[in-house]
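S.K.: Quick one: the structure is below, and I'll ask about it shortly.
Number of protein chains: 4
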Amino acid sequence: MSKLNLADGWSGAMGLEIVSVKEDEVVIEWTVGPRHLQPFGLVHGGVHAGVVETACSIGAGFVAAKRGQTVVGVENHTSFLRAVTGGRLRATARPLQVGRRAQLWQADIVDAGGKLVATGRVRLFALDPEAPAPKPAD
Amino acid sequence: MSKLNLADGWSGAMGLEIVSVKEDEVVIEWTVGPRHLQPFGLVHGGVHAGVVETACSIGAGFVAAKRGQTVVGVENHTSFLRAVTGGRLRATARPLQVGRRAQLWQADIVDAGGKLVATGRVRLFALDPEAPAPKPAD
Amino acid sequence: MSKLNLADGWSGAMGLEIVSVKEDEVVIEWTVGPRHLQPFGLVHGGVHAGVVETACSIGAGFVAAKRGQTVVGVENHTSFLRAVTGGRLRATARPLQVGRRAQLWQADIVDAGGKLVATGRVRLFALDPEAPAPKPAD
Amino acid sequence: MSKLNLADGWSGAMGLEIVSVKEDEVVIEWTVGPRHLQPFGLVHGGVHAGVVETACSIGAGFVAAKRGQTVVGVENHTSFLRAVTGGRLRATARPLQVGRRAQLWQADIVDAGGKLVATGRVRLFALDPEAPAPKPAD
């Protein structure tokens, strides 16, 4: 996982903190601030969807790397359950399917009280090493 | 739309620029930079999903406001079609359904060459004014 | 649940059998036959999506009825994990969110060996009794 | 397309009629009857999702066959817009993405008056001929 530097890029811009990365679980936490909000003061759905994408992609990529593969996310479906205005959030991603050609991961986001606030699934392709440089689904 | 200040919050953090807002079309543009990338240098899927969420929510909210309603996004489903490493991107959102109780919007994101790079749909509830302060789907 | 007669309609045509209906769990079983297959001899994705829709709708409707509400499904997102050519399948639906205005249910479909073959989520609106006759999201 | 016999299997059980199959468009029609309804007399969401699955899979398979590939559907996301109680329905599927490793198709379902009643997207993998017999995403 040495390539993963969440201090840069989108995850860094969002202040995401990787708590743990395992083959069957990825945990990310962050503290809600102004950069996460939509105009009405609630956490933006895109933040939830993006954290789902991050957590699932890290997990799928971690598993794929052990097989000499890379992954490319192609679908993200996130459901929003509760409004969040602040506090600490935690996303936990787990695999629903780990195949040779594809993976499906799910991430649940809970608030400090453990209540589910959003949940999403990411479908990813697994690419063998002989394949060309990763491009989404081409 | 005077309440919408995209200079703040997530949309501001992402540098999104609203080009136009109409009842049946919302256009947003942005220039890809480091804050939009995942660790492999491609635009993060969460950015696409988030821009889809922003464009669709602005459109749905604009239509709802004319009826004295507010909207709450409950589902975001975004598909990623092409890898993007930089340049200018444009999202165009249009309504698929505008009902009294719900709306469904779709946003397509194209690159500077007009190629479709991502596309997503957002399902939103429409809440009547007598309803309590907006909370997602409760 | 006296209104629910799965011997008729789509569920009857598919041979679905309701095993149990509770506020937090609905179980449906069926035996795969020719009517469930696509041209290559595998269970049709539409059958999985349809069973997900049936199980989630029964559960959400059951909960809603206790509150004097009805529900209308507006989004169905189903993922296919394993090919199935025959045998006995079981779908178990559980609620992810039960709100006053909306519900979100998830159904998992397993084969006779307990392996997950498909999983999906259904978003539903909850309508109060004073509302007009149920029409999807209008 | 000689392998496709919609008179059998799920599509036959549902009475689907293929109107046309082209590389960039598949049209299916059917007349609503009791076998398509849920307990409240409306067309079952699973029927819409299943027709979306059928139309998109036929189109993607048609394109793939020309390349010596096969396809496997892995995600189906269908939105329900209007209640339908009877009449003639028409589904038109078109490709959003046709890649070497994956395809994304969308199908829109309209009633006899041309009103959009449901719309969905199917993500499919494309498998090269040397690959083993098609199994979903494994």
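Chains as they are written, first to last, in our numbering: chain A, 235 to 372; chain B, 235 to 372; chain C, 235 to 372; chain D, 235 to 372. We put the CB at the ideal spot given by N, CA and C, even for glycine. Treat the numbers as computed from the prediction; the structure is a model and nothing was measured.
#1: Rounded to whole angstroms, what is the Cα-Cα separation between A/L350 and A/T319?
#2: Let me check understanding here. Comparing Cα to Cα, which of A/S313, A/V297 and A/V281 lies closest to A/A246?
#3: Along the region 304-338 of chain B, what residues have a CB closer than 7 Å to any CB found in chain C?
#4: If contact is defined by three or more beta carbon pairs under 8 Å, each pair taking one atom from either stretch, is the region 248-268 of chain B in contact with the region 295-314 of chain B?
#5: Name the chain D residues that come within less than 9 Å of A/R357, Cβ to Cβ?
#6: Going by CA-CA distance only, name the one from C/G275, C/A325, C/L323 and C/A289 that's closest to D/G279.
#7: Counting pairs of Cβ atoms below 8 Å between the region 351-359 of chain D and the region 325-341 of chain D, do you hit three or more?
#8: DSSP state of A/H278, grouped into three classes?
#9: How do the region 259-275 of chain C and the region 322-334 of chain C stand: do at least 3 beta-carbon pairs fall below 8 Å, yes or no?
#10: Does A/A352 get closer than 8 Å to chain D when you measure Cβ to Cβ?
#11: By alpha-carbon positions, which one of A/V261, A/L330 and A/G302 ends up nearest to C/L315?
#12: Confirm, please, whether the CB-CB distance from C/T312 to C/A373 is below 8 Å.
#13: Would you say D/G249 and C/P273 are within 8 Å of each other, going by their C-beta atoms?
#14: Could you check whether C/A360 and C/R334 sit closer than 8 Å to each other, using their CB atoms as the reference points?
#15: If you follow the alpha helix (DSSP H) that C/A247 is part of, which residue opens it and which one closes it?
#16: For D/V344, which option in D/A317, D/S291, D/V332 and D/D362 has the closest C-alpha, if you only look at C-alpha atoms?
#17: Using a Cβ-Cβ cut-off of less than 9 Å, list which residues of the region 265-276 of chain B approach chain A; keep chain order.
#18: Could you spell out where the beta strand (DSSP E) holding A/Q272 opens and where it closes?
#19: Applying a beta-carbon distance threshold of less than 9 Å, which residues of chain C neighbour D/G243?
#20: Report yes if the C-beta distance between C/S291 and C/V277 is below 8 Å; otherwise report no.
#21: Under a three-way DSSP split, which group does A/P268 fall into?
#22: Between the Cα of B/H210 and those of B/G307, B/V285, B/D342 and B/I262, spot the shortest distance and give me the residue it belongs to.
#23: Just mark C/K237 as buried or exposed, buried being the case when its beta carbon has 16 or more other beta carbons within 10 Å.
#24: Can you check DSSP and say which residues form a bridge with A/D342?
#25: Roughly how many whole angstroms lie between the Cα atoms of C/G302 and C/V260?
#26: So for C/G295, helix, strand or coil by DSSP?
#27: Output the boundary residues of the beta strand (DSSP E) element that contains B/T304.
#28: Can a CB atom of chain B be found closer than 8 Å to the CB of A/V344?
#29: Is there at least one Cβ from chain B nearer than 8 Å to A/V253's Cβ?
#30: Quick check: what's the CA-CA separation for D/E251 versus C/E309?
#31: In this structure, how does DSSP classify B/A360 when only helix, strand and coil are distinguished?
#32: Please decide whether A/E287 counts as near chain B, where near means a Cβ-Cβ distance under 8 Å.
#33: At the level of alpha carbons, what is the spacing between A/G275 and C/E287?
#34: So A/A247 contacts chain B; which residues on that side make the cut at Cβ distance below 7 Å?
#35: With C/V318 as the anchor, note down where its beta strand (DSSP E) starts and where it stops.
#36: Quick check: is any heavy atom of the ligand ATP less than 7 Å from the C-beta of D/V318?
M.R.: Concretely, from the data shown:
#1: Residue 350 of chain A sits at position 116 when you count from the first residue of the first sequence. Residue 319 of chain A sits at position 85 when you count from the first residue of the first sequence. Distance between the alpha carbons of A/L350 and A/T319 is about 14 Å.
#2: On the first sequence, residue 246 of chain A is found 12 positions in, with the first residue counted as 1. Looking at the sequence shown, residue 246 of chain A is not Ala but Gly. Selected option, being the one with the closest Cα: A/V281.
#3: V308, E309, H311, Q331, G333, R334, R335 and A336
#4: yes
#5: In the first sequence, residue 357 of chain A corresponds to position 123, counting from 1. Simply V308, E309, R357 and A371.
#6: For the purposes of this step, residue 279 of chain D is identified with residue 45 of the fourth sequence, where counting begins at 1. The option with the nearest alpha carbon to D/G279 is C/A289.
#7: yes
#8: By one-based count along the first sequence, residue 278 of chain A stands at place 44. Coil.
#9: yes
#10: Within the first sequence, numbered from 1, the residue matching residue 352 of chain A stands at position 118. Cβ-Cβ to chain D under 8 Å: no for A/A352.
#11: The residue you call residue 315 of chain C lines up with position 81 of the third sequence. Selected option, being the one with the closest Cα: A/L330.
#12: Residue 373 of chain C cannot be examined here, being either before or after the span of chain C that is shown, 235 to 372.
#13: Numbered from 1 along the fourth sequence, position 15 holds the residue referred to as residue 249 of chain D. Numbered from 1 along the third sequence, position 39 holds the residue referred to as residue 273 of chain C. No, they are not a contact pair.
#14: The residue labelled residue 334 of chain C in the question sits at position 100 within the third sequence. The residue labelled residue 360 of chain C in the question sits at position 126 within the third sequence. In contact: C/R334 and C/A360 (Cβ atoms closer than 8 Å).
#15: By 1-based counting over the third sequence, the position of residue 247 of chain C is 13. Run containing C/A247: G243 to A247, per the alpha helix (DSSP H) assignment.
#16: Within the fourth sequence, residue 344 of chain D is the residue found at index 110, counting from 1. Per the Cα distances, D/A317.
#17: P268, R269, H270, L271, Q272, P273, F274, G275 and L276
#18: In the first sequence, residue 272 of chain A corresponds to position 38, counting from 1. Careful: A/Q272 lies outside any beta strand (DSSP E) and carries neither H nor E.
#19: Counting from 1 along the fourth sequence, the entry for residue 243 of chain D is found at position 9. Simply P268, R269, H270, L271, Q272, P273, G275 and H278.
#20: Looking up residue 291 of chain C in the third sequence gives position 57. Looking up residue 277 of chain C in the third sequence gives position 43. Cβ atoms of C/S291 and C/V277: not closer than 8 Å.
#21: Within the first sequence, numbered from 1, the residue matching residue 268 of chain A stands at position 34. In this structure, A/P268 counts as helix in the three-state DSSP scheme.
#22: Limits of chain B in this structure are 235 at one end and 372 at the other, which puts residue 210 of chain B out of reach.
#23: Taking the third sequence and counting its residues from 1, the one referred to as residue 237 of chain C is at position 3. Here C/K237 scores only 49 on pLDDT, less than 50, and its place in the model should not be relied on; the value that follows carries that caveat. Looking at its Cβ environment, which holds fewer than 16 other Cβ atoms inside 10 Å, C/K237 is exposed.
#24: Against the first sequence, residue 342 of chain A aligns to sequence position 108. Answer by DSSP bridge pairing, in chain order: A/T326 and A/T353.
#25: Taking the third sequence and counting its residues from 1, the one referred to as residue 302 of chain C is at position 68. Taking the third sequence and counting its residues from 1, the one referred to as residue 260 of chain C is at position 26. Answer to the nearest angstrom: the Cα atoms are 20 Å apart.
#26: Along the third sequence, read from residue 1 onward, the residue named residue 295 of chain C stands at position 61. It is helical.
#27: On the second sequence, residue 304 of chain B is found 70 positions in, with the first residue counted as 1. Note, B/T304: beta strand (DSSP E), T304 to F314.
#28: Within the first sequence, residue 344 of chain A is the residue found at index 110, counting from 1. No - not a single Cβ of chain B is within 8 Å of the one on A/V344.
#29: Here residue 253 of chain A is taken as the residue at index 19 of the first sequence, counted from 1. A/V253 does not count as touching chain B.
#30: Taking the first residue of the fourth sequence as 1, we reach residue 251 of chain D at position 17. Taking the first residue of the third sequence as 1, we reach residue 309 of chain C at position 75. Near 25 Å, if we compare the C-alpha coordinates of C/E309 and D/E251.
#31: For the purposes of this step, residue 360 of chain B is taken as the residue at position 126 of the second sequence. Correct three-state label for B/A360: strand.
#32: Position 53 of the first sequence holds residue 287 of chain A. For A/E287, the answer is yes, since a Cβ of chain B falls inside 8 Å of its Cβ.
#33: By one-based count along the first sequence, residue 275 of chain A stands at place 41. By one-based count along the third sequence, residue 287 of chain C stands at place 53. The straight-line gap from Cα to Cα measures roughly 34 Å.
#34: On the first sequence, position 13 is the one that residue 247 of chain A refers to. Near A/A247 (Cβ distances below 7 Å), the residues of chain B are A247 and R269.
#35: Indexing the third sequence from 1 puts residue 318 of chain C at position 84. First-last for C/V318: undefined, no H or E at that position.
#36: The ligand content of the structure shown is nil, which means the ligand ATP is not present either.
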